[in-house]
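To keep things clear, I will list the structure first and then write my remarks on it.
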Amino acid sequence: MLFRQTLLYLPAQVLGPLFQFISILAWTHFLSPVEMGVFALVVAVQELAYVATTFWFTLYTMRYHDPAAAPDAKRTFLDTELMVLAVASLATVGVMLLLPLTTGVPWSFDLSLAAVAYAITRGLVTHLADRARTEHDTMTYSVLQISWPVLGLVFGMALVVWGKEDAVHVLWGYTLAQAFSLMIAFVRLEFGRNPLRFARAAIAKGFEYGLPLLIGGVFIWMANNGLRFVVEMRESAAAVGLVTVGWGLGLRVAAFAAMLVTAAAFPVAMKRAREEGMSAGQAQLERSGILLLAVLAPASAGLVAIGTPFISLVVAEEFRATTIAVLPWAILAGAIRNFRIHFAEQVFLLHERTRVPLWNDAIDAVLSLAGVAIGLYAGGLPGAVAGAAAGAAISLGVTLLAGWTAYRFTLSFDALWRIAFATSAMVASVTMMPAEATPVSLALAIAVGAATYALSLAAVYPDLVRKLAGVLRSGRLGAGP
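For my numbering, count along the sequence shown from 1 and bump the result up by 606.
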């Protein structure tokens, strides 16, 4: 079931994050460090606005919304959702308009308007994508997840080429793309019509379930984005722009690898828990964790191995040196944090113990920000990112220990050594053939690394290889005359 659901969501999990990754590289060729810093700060505050205003109800939707509910119950949910989104959008306007008070960046009316429009449409897209996933509507989910990064890059590049190379035009490009995807969603999804008929019980239940996770979401936001604001306060918006490229690439690579296999993981585990008991749901989470690590480890280690020639090829010269210096630490921080969120914390959500992840998110945020401040003082921008990675690592250790203590939840040593062996073999194969900053050389290094990893996994999982071969043979026989 997990494999089938993963395949259904794969286009959205690949194309959306891939174009977010590409966009970070592309904007280095159009925006100055100052404009890149402004864009990064707006995006960061939008994420905070979403977490503060809508995230709790998104979590309630994913946990309790039943797409097969009776018509009256469904109508009540939709009306409640409409009320929440309307209030959240108004609150988002206020949050975005406060941004100029927190930075030293010169602010204009055009920038404020673009920031507000971007933030409102982005928040709606984020929530509705998760609602579509909960309703198993893979088409709508894919449109919402793919349209804004793909068309946003296209529209944004068109606007900066025909207009001005600044954050305002980039933000309007993404806003147009998000508005387009929302029009598709409005056609395909059901929506409430009377927000005044919202269900107070649903609001109360949503806060009860989602408030600890909302607070945790704020802590995660602090861990992911606090670096930008610390750097802006201690340095400048230009420094934010310089560090954002490497920091963003590291987080995006980890998120991309994680989302390849996690979109369907928790819903499948919940289904198993409802149908077969909590132990079956927990076992499903452990299987999902093995799959997550098997994708996350080679993706992260592989980019570190080819980082210098890759950055030299694709990043504009003005951003290049800083990006090369911070990228390994950013990848480490992103990989650790995604593994904690998408694996280590999931068992507590399954058991509805949402306060445990909250404490771990708080530890991550506090230690990451402390690490950023200390690292920035001691080692400049690379030191700041290394400090963030250290905070994330300690938080992961605490979460894993809590999961083992409460539920004996962990990955088997057998799976860990197999994945570690395959990843090490991949890194060794890439290191032995140093890549140059050319497309052909990098493509060859990636191909060799991928082949080595696949062959190494096959060598340590012979039973799985035989099983897959048997499935393929039976499939061919079944397709015959």
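From the three backbone atoms N, C-alpha and C, an ideal C-beta is built for every residue, glycine too.
- Under the three-state reduction of DSSP output, residue 773 falls in the helix class.
- A contact is defined here as three or more CB-CB pairs under 8 angstroms, and the stretch 787-794 fails this definition with respect to the stretch 660-671.
- Inter-residue distance for residue 1069 and residue 649 is about 46 angstroms (C-alpha atoms, whole angstroms).
- Distance from the CA of residue 887 to the CA of residue 950, rounded to the nearest whole angstrom, comes to 14 angstroms.
- Under the DSSP assignment, residue 944 falls in the alpha helix (DSSP H) whose first and last residues are 923-945.
- In this structure, residue 781 sits near residue 727, with a CB-CB distance shorter than 8 angstroms.
- The three-state reading of DSSP puts residue 1004 in helix, counting H, G and I together.
- Between the C-alpha atoms of residue 957 and residue 822 there is a straight-line separation of about 17 angstroms.
- When C-alpha distances from residue 836 are compared across 981, 716, 639 and 820, the shortest belongs to 981.
- The beta carbons of residue 998 and residue 974 sit closer together than 8 angstroms.
- For residue 902, the CB contacts under 7 angstroms within the same chain, skipping 5 residues up- and downstream, are 860, 863, 864, 941, 944 and 945 in chain order.
- Between residue 718 and residue 730 the beta-carbon gap is near 19 angstroms, outside 8 angstroms, which marks them as no contact.
- Runs of the alpha helix (DSSP H) spanning 4 or more residues and lying entirely within the stretch 710-797 occur at 715-740, 744-768 and 773-794, in chain order.
- Closest option to residue 1003, judged by alpha-carbon separation, among 970, 978, 1048 and 691: 970.
- Within 10 angstroms of the beta-carbon of residue 709 lie 16 or more other beta-carbons, which makes it buried.
- Here the alpha carbon of residue 990 sits roughly 21 angstroms from the alpha carbon of residue 911.
- Approximately 15 angstroms separates the beta-carbon atoms of residue 736 and residue 794; this is outside 8 angstroms, ruling out the contact.
- Assigned with DSSP and collapsed to three states, residue 876 falls in helix.
- Taken through DSSP and simplified to helix, strand or coil, residue 847 comes out as helix.
- With a beta-carbon spacing of about 12 angstroms, residue 651 and residue 711 fall beyond the 8 angstroms limit used to define contacts.
- Contact between residue 866 and residue 1033 fails: their C-beta atoms lie close to 20 angstroms from each other, not under 8 angstroms.
- With a contact defined as Cβ atoms closer than 8 angstroms, residue 773 and residue 644 qualify at about 4 angstroms.
- Rounded to the nearest angstrom, the gap between the Cα atoms of residue 723 and residue 829 is 25 angstroms.
- Classified as exposed, residue 1020 has fewer than 16 neighbouring CB atoms from the shown chains inside 10 Å of its CB.
- Below 8 angstroms, enough C-beta pairs join the stretch 909-928 and the stretch 1035-1051 to call them touching: three or more.
- Taken through DSSP and simplified to helix, strand or coil, residue 1072 comes out as helix.
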